[in-house]
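Undergrad:
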């Protein structure tokens, strides 16, 4: 049973598809860990300042931006290089 239901918005999915294969694989693995283990120590998760329910996961030079919603639901809304993520 997954710890969280993880949904990827269409925009974030397109951003993921544009990445080179190695980065895409690492990000996909991080999303699987998030789904199965939740806020695991394996992931570099930080809360975004100024938001109540927004977080980021660092995967190399990329950032996965997501929102935590009720009923253990996570919405991935952006996958961007660090320079443009914030």
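Residue numbers (our numbering): 452 to 537. Cβ atoms here follow ideal geometry from the backbone N, Cα and C, with glycine treated the same way.
(1) From residue 526 to residue 504, what distance separates their C-alpha atoms?
(2) When DSSP builds the beta bridges, which residues end up paired with residue 532?
(3) Once DSSP output is grouped into helix, strand and coil, what is the label at residue 518?
(4) Which class does residue 504 belong to by DSSP, given the choice of helix, strand or coil?
(5) Taking 6 Å as the limit between beta carbons, can you name the residues of its chain near residue 463, skipping five residues before and five after?
TA: Judging by the given coordinates:
(1) If I take the Cα positions, the gap works out to 11 Å.
(2) 513
(3) strand
(4) coil
(5) 527, 528, 529, 530
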